[in-house]
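To start, the structure under review is shown below, and the notes come after it.
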Amino acid sequence: MTKRSLLLILFCISLALFVITCGKKAAPIPPVPIVPYAVQVSKVVQSGNLLIYSFQLPVLNTDNRTPADINKIEIYRLKDLRIIPEPQTQTAPTQTQTQQSQTQTAPQTQSQPQPQTQTQTGPQTQSRPQTQSQTQPAPAKEEMPRVINEEELHDRSEMVAEIPKEMIDAYLKDGFFFYTEKINLAPESEDLKNWYYYAVKSYNKKGKSAGYSRTAALFPAIVPQPPSSFTAILSEKGIRLTWSAPKQDVTGKPLQESSITYNLYRGTNANFAPDPPLNGLQPLSTNGFTDTTFQFGQPYYYFVRAHMTGTKKEQESEASNAILIWPQDTFPPAAPQELNAVSAREGMVLIWAPNAENDVAGYNIYRSTESGTGYQKINSEHIRETTYTDKDVQAGQKYYYQITAVDSAPNPNESARSGEISEVKRQQ
């Protein structure tokens, strides 16, 4: 058989195989379910005897186009025994003191009447190495949660809450979902010996889910009792918030005030999500704080929690009493200063120094022909500049002036009047 014939046969076989398999259908590809994305952002904090698990619900489905329509939420919790790190020790650098070369060579010869010679030749060397070693306890390594994979979560966790669609809104605060669990803080409680890992599943109407979220974890700790006597005082510059330090922890053990720090929380509604603290990342070490970022006419809710140094930042006391304050601007500007009047061709020209307040909307001009009485406001609208020309004047007449500053509050506040000045309108 020639090479050409062999190639022809192979071509015919390949063509036959192609024809046979050409119309054969492949196995169908199952459709990708469109479900809400798994929760990505979550955390656990302690407030007194409560663990609070919070997370943001997904906004979109897995197709990245359609809004997430969540029909049910399931909360899972896994309790895992803590492995408390042993305190480590640090050994200070060894100090060695060696006293050497203390050599005494003392040939001593004693001659007696008897022929006795006693000679002491004593090279004496004293070597006293002295070693001082100081061992101090090092700070214990911070206890951290384990990575819990989906298989372990499925096998060991338990579902602690199942929330249908119609009840989801009751758990929402400022767009965050909040689930709370009560814990036992008695000194020998089993709850104190365990990490609490939480995860969530969200389902669509067909009962389909993207699976477990990432876990968030915390172990409970003994925390202080809540701060007391929480009060707020409004001033023009800020809202001053003060409180009394707790004297004991939740078990009744006395606390040193220096061992307690605080986080202050503010919201614009009674059901606000307390995150992040108003004081930022650094806890407060004193029993007071002035809020200078508020706006007049906006209601605010405040509370404060105590934190014990040496515990995790998420482990806080129960909240203090909450305060609602609705700050209203009832504080007038200062009286304008440096008012002067100059007679000019156009009339009486007034100039003054601008007020320092940021909320000054303008100024009012008051005029009289008698000192200390009979003043009338001569402007119909607030003067926004710091100069004004009074054209309605008569030559030869002496005029008296005072001005005030007005702020931009919903109910504007007017300052006290400036000092009185006077000038005669001269013929120009």
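Going by the numbering used here, the first residue of the sequence shown is number 739, and it counts up by one from there.
Heads up, the beta-carbon is just placed ideally off N, CA and C, and yes, glycines get one too.
As the structure is a computational prediction, the values presented were derived from the model and not from experiment.
Quick check on residue i: does DSSP put it in helix, strand or coil?
i	result
residue 1095	coil
residue 931	helix
residue 1060	coil
residue 1045	strand
residue 903	helix
residue 909	helix
residue 1159	strand
residue 1087	strand
residue 996	helix
residue 926	coil
residue 751	helix
residue 894	helix
residue 1145	strand
residue 1119	coil
residue 974	coil
residue 1076	strand
residue 888	helix
residue 879	coil
residue 1028	strand
residue 1107	coil
residue 818	strand
Return the chain-ordered list of same chain residues with a C-beta closer than 6 Å to the C-beta of residue i, the five sequence neighbours on each side being excluded.
i	result
residue 1078	1089
residue 922	929
residue 894	816
residue 1121	1100 and 1101
residue 852	Low confidence applies to residue 852: its pLDDT is 45, below 50, so where it sits in the model is not reliable enough to give any reading.
Quick one: measure Cβ to Cβ for residue i and residue j, integer angstroms, because I've assumed they're closer than 8 Å.
i	j	result
residue 1140	residue 1155	4 Å
residue 956	residue 970	About 30 Å; that fails the 8 Å criterion.
residue 1046	residue 988	That belief does not hold up - the Cβ atoms of residue 1046 and residue 988 are roughly 10 Å apart, past 8 Å.
residue 1042	residue 1002	5 Å
residue 964	residue 1057	6 Å
residue 1091	residue 1070	Their Cβ separation, rounded to whole angstroms, is 17 Å, which puts residue 1091 and residue 1070 out of contact at 8 Å.
residue 1029	residue 1016	6 Å
Would you decide whether residue i is buried or exposed? Buried here means 16 or more other CB atoms lie within 10 Å of its CB.
i	result
residue 832	Low confidence applies here, because residue 832 scores a pLDDT of 49, under 50, leaving its location unreliable and the question unanswered by this model.
residue 882	exposed
residue 1136	exposed
residue 1093	buried
residue 1007	exposed
residue 981	buried
residue 897	exposed
residue 998	buried
residue 920	exposed
residue 1005	buried
As a quick exercise: from the options, pick the residue whose alpha carbon is nearest that of residue i.
i	options	result
residue 812	951, 1120 and 1011	951
residue 903	1001, 1068, 1133 and 810	810
residue 1144	1166, 1133, 990 and 1099	1099
residue 917	783, 1053 and 1107	783
residue 943	808, 1109 and 1118	808
residue 1109	1160, 1052, 818 and 1014	1160
Leaving aside the five residues before and after residue i along the sequence, list all residues of the same chain whose C-beta is less than 8 Å from its C-beta, in chain order.
i	result
residue 850	In this predicted model, residue 850 has a pLDDT of only 44, less than 50, meaning its place in the structure is not dependable; the value taken from the coordinates is given anyway. Cβ neighbours of residue 850 beyond the five flanking positions: none.
residue 1162	1081, 1134, 1135, 1136 and 1137
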